[in-house]
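Just so you know, we're using our numbering here: the sequence shown kicks off at 449 and counts up by one.
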Amino acid sequence: MRTVLCEFILIISFSLYIFELRFGLQRRLLDARPCRSCL
(Lines of atoms letter the chains of each structure in order from A; the text may use other names.)
(Lines give C-alpha, C1' and ligand atoms only; values in the text may rest on other atoms or scores of the structure.)
Protein backbone atom coordinates (compact mmCIF):
# COMPACT_ATOMS: atom_id res chain seq x y z
CA MET A 449 0.00 0.00 0.00
CA ARG A 450 2.80 2.40 0.85
CA THR A 451 4.60 1.76 -2.45
CA VAL A 452 1.39 2.54 -4.39
CA LEU A 453 1.04 5.80 -2.45
CA CYS A 454 4.67 6.71 -3.15
CA GLU A 455 4.21 6.03 -6.87
CA PHE A 456 1.03 8.14 -6.86
CA ILE A 457 2.87 11.04 -5.20
CA LEU A 458 5.74 10.68 -7.67
CA ILE A 459 3.37 10.78 -10.66
CA ILE A 460 1.55 13.86 -9.28
CA SER A 461 4.78 15.73 -8.54
CA PHE A 462 6.19 14.83 -11.97
CA SER A 463 3.07 16.02 -13.80
CA LEU A 464 3.04 19.22 -11.72
CA TYR A 465 6.72 19.73 -12.58
CA ILE A 466 6.01 19.39 -16.32
CA PHE A 467 2.95 21.67 -16.01
CA GLU A 468 4.98 24.33 -14.18
CA LEU A 469 7.80 23.96 -16.71
CA ARG A 470 5.47 24.48 -19.67
CA PHE A 471 3.51 27.41 -18.25
CA GLY A 472 6.52 28.89 -16.44
CA LEU A 473 8.40 29.11 -19.75
CA GLN A 474 5.40 30.77 -21.43
CA ARG A 475 5.11 33.25 -18.55
CA ARG A 476 8.84 34.00 -18.73
CA LEU A 477 8.64 34.65 -22.47
CA LEU A 478 5.66 36.95 -21.95
CA ASP A 479 7.50 38.78 -19.15
CA ALA A 480 10.66 39.12 -21.27
CA ARG A 481 8.86 40.85 -24.16
CA PRO A 482 8.06 44.15 -22.34
CA CYS A 483 11.58 44.20 -20.85
CA ARG A 484 13.09 44.08 -24.36
CA SER A 485 10.81 46.88 -25.56
CA CYS A 486 11.87 49.00 -22.55
CA LEU A 487 15.55 48.42 -23.35
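Glycine included, every Cβ here is placed at the ideal spot set by N, Cα and C.
Distance, Cα to Cα, residue i vs residue j?
i, j, result
"residue 476", "residue 464", "17 Å"
"residue 468", "residue 461", "10 Å"
"residue 451", "residue 459", "12 Å"
"residue 474", "residue 457", "26 Å"
So, at 8 Å on beta carbons, what are the nonlocal neighbours of residue i in its own chain, with the 5 sequence-adjacent residues on each side left out?
i, result
"residue 470", "none"
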